[in-house]
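Under the UniProt record's numbering, the final residue of the sequence shown carries the number 404; numbering is consecutive throughout.
Remarks on the structure that follows.
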Amino acid sequence: MADIVVFGGDGYIGWPLALELATSHPQKKVLIVDNYLTRAHAEALEGGSLLPIRPLPERVAAYRDAFELDNLDYLELDCANSDQMTEFMRSISPEVVYHLAHQRAAPYSMLGLKECVETITNNEVGFLNLIWLLRDYHPNCHLVKLGSFGAYAKAGLDIPEGNAVMSCNGKTSAGPMPFPRASDDFYHITKINDGNFAGLAARKWGLRVTDVMQSTVFGAMTDKTLADERMHTRFDYDEILGTVLNRFCAQALCGVPLTVYGLGTQTSGIMTLEHCIAVLVSLADAPCAPGTHRIINNCPKVYSINELAEMVRLEGTKLGLNVKVARNRYNPRFEDGVSHDYSVETSYLSKLPDPMPMRLAVARSLEVLGRHRDQIRVACVEPRHDWMGTGGAAQAEEPVAHSG
Ligand SMILES: NC(=O)c1ccc[n+]([C@@H]2O[C@H](COP(=O)([O-])OP(=O)(O)OC[C@H]3O[C@@H](n4cnc5c(N)ncnc54)[C@H](O)[C@@H]3O)[C@@H](O)[C@H]2O)c1
């Protein structure tokens, strides 16, 4: 029935991950499970993917045509529905399951009470269903879950890969303990809680859990998604679902100044979609030992927001676009502009090939997205929501426009 399950396989990362898993493991059956939650949110927010995306039946048919393989299938199911999940998990015998089925937009979780409760319920009930059902039916299965780098407390301390011996007020912990987590939005708090649930499932039930603490992912494509236009992955660019480089690319393509929140000196880890997929696929054949909650830090490079804007400006200019940058016009997250100085242990990454340079991913994405630039909804690319309640979404001061 299914050797590898990708929960959340209709999503931005999940779809190219399923494609890569299926093509690299043609002897294994790969099953996508999704309930189209992100598609529903994008529609309700009047955003939507800039690259046209097909429903799962058409995507899977395109895979079969393009790669002449029939080892990829899909199932519509809500992970947060305990009855549906129990019936499903009893019916399969997977070797590895990937859990990506989250409401994954921090701004969405801050929109209001309804969206916050929906995020907490969807993410935490869905994950609890999965670990309890793995415990009951598939205790030897390898669970790969997506954590987020944004869940780590940033206090100038170097971030270990896994636990570390900690000191406080001159006393040292009796053994290694998890690095502190902290978050300023409810979505990341679900990631923190999931990490605790996963630790318990490994320690107390003997499950094998790999937790990939990854930074933001960017890129409109992988080589596989470009093989047929029915296999595009989604590309959100509105202020709620679109991450920073996505918004900058859309703004560059439709001639709106890039909205750098605050002064743009704040930093963010960003990696290419190809690199994200390569790390996740490598884990299919590298299970951790039973009873282990293995942490992998995937944050290959950190950029200031100004550096990212400049990259889009330079690559956009090469394509003949007139790209302007507006700094400090909006500050919906109340960015303080401080870049924290810390190093990150990434021993697992050192075993893998170097990632594609971000500049190249920006250039290739602008080219692919440019074919759909007339579909950009300009109303979506300017921030409208004040998601910290600070008044920051309102225009901070006179807009500062720079052409370089
Ligand atoms: N994109 C990033 O930059 C990034 C960075 C760090 C971590 N992550 C994590 O990676 C994972 C995938 O992110 P993405 O960017 O592909 O997001 P996405 O929203 O595009 O994909 C998530 C998928 O899960 C599905 N889903 C959500 N709840 C579900 C449920 N209850 N039942 C079934 N399906 C459900 C959605 O419909 C969607 O297709 C998430 O866990 C996210 O938190 C993403």
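Ideal placement from N, C-alpha and C gives every residue a C-beta, glycine not left out.
A quick note: this is a predicted structure, and the numbers were derived from the prediction, not measured.
Identity of the residues DSSP links to residue i by a beta bridge
| i | result |
| --- | --- |
| Asp-236 | Ser-49 |
| Phe-7 | Val-33, His-99 |
| Thr-267 | Ser-304 |
| Val-344 | Ile-159 |
Endpoints, alpha helix (DSSP H) assigned at residue i
| i | result |
| --- | --- |
| His-275 | 273-282 |
| Ile-305 | 305-318 |
| Glu-20 | 14-24 |
| Arg-247 | 244-254 |
Where the beta strand (DSSP E) through residue i begins and ends
| i | result |
| --- | --- |
| Val-362 | No beta strand (DSSP E) holds Val-362; the alpha helix (DSSP H) holding it covers 358-370. |
| Asn-297 | 293-298 |
Beta-carbon proximity of residue i to residue j, cut-off 8 Å
| i | j | result |
| --- | --- | --- |
| Pro-178 | Val-165 | no |
| Ala-202 | Thr-292 | yes |
| Thr-346 | Cys-299 | yes |
| Thr-210 | Glu-124 | no |
| Met-221 | Arg-364 | yes |
| Leu-50 | Gln-375 | yes |
| Leu-134 | Leu-143 | yes |
| Tyr-237 | Gln-103 | no |
| Phe-7 | His-99 | yes |
| Phe-218 | Thr-259 | no |
| Val-212 | Leu-146 | yes |
| Gly-316 | Leu-366 | yes |
| Leu-75 | Pro-26 | no |
| Met-231 | Arg-371 | no |
| Glu-20 | Val-362 | no |
| Pro-16 | Lys-154 | no |
| Leu-56 | Asp-3 | no |
| Ile-192 | Arg-181 | yes |
| Leu-241 | Ala-105 | yes |
| Ile-92 | Val-344 | no |
| Tyr-342 | Gly-156 | yes |
| Ile-270 | Glu-161 | no |
| Asp-185 | Ser-268 | no |
| Gly-206 | Pro-290 | yes |
| Arg-313 | Val-325 | yes |
| Arg-311 | Arg-373 | According to the sequence as given, residue 311 is Met; it is not Arg. No. |
| Val-381 | Ala-250 | yes |
| Arg-329 | Tyr-12 | no |
| Leu-111 | His-385 | yes |
| Gln-214 | Ser-167 | no |
| Leu-226 | Val-279 | no |
| Tyr-137 | Met-89 | yes |
Practice task
Jot down the residue ranges of each uninterrupted beta strand (DSSP E) in the region 26-103, minimum 3 residues, whole runs only, in chain order.
Solution key: Whole beta strand (DSSP E) segments, 3+ residues: 30-34, 72-76, 96-99.
Exercise for the section: Just list the beta strand (DSSP E) runs in the region 109-190, keeping only unbroken ones of 3 residues or longer that don't cross its boundaries, in chain order. Expected result: Complete beta strand (DSSP E) runs here, min 3: 142-148.
Exercise for the section: Could you tell me whether the region 60-73 touches the region 240-257, using the rule of 3 or more Cβ pairs below 8 Å? Expected result: No: fewer than three Cβ pairs fall under 8 Å.
Problem - Start-end ranges of the beta strand (DSSP E) lying completely within the region 195-227, minimum 3 residues - result: Runs of the beta strand (DSSP E) inside the region 195-227: 208-214, 216-218.
Problem - Segment contact, 8 Å Cβ cut-off, at least three pairs: the region 21-33 with the region 119-133 - result: Of all C-beta pairs linking the region 21-33 to the region 119-133, fewer than three are shorter than 8 Å, placing the two stretches out of contact.
Problem - the region 258-266 contacting the region 295-313, beta-carbon criterion three pairs below 8 Å - result: Contact holds: three or more Cβ-Cβ distances are below 8 Å.
Exercise for the section: Report yes or no: do three or more beta-carbon pairs, one from the region 121-140 and one from the region 66-80, lie closer than 8 Å? Expected result: Counting Cβ pairs under 8 Å, three or more are found: they touch.
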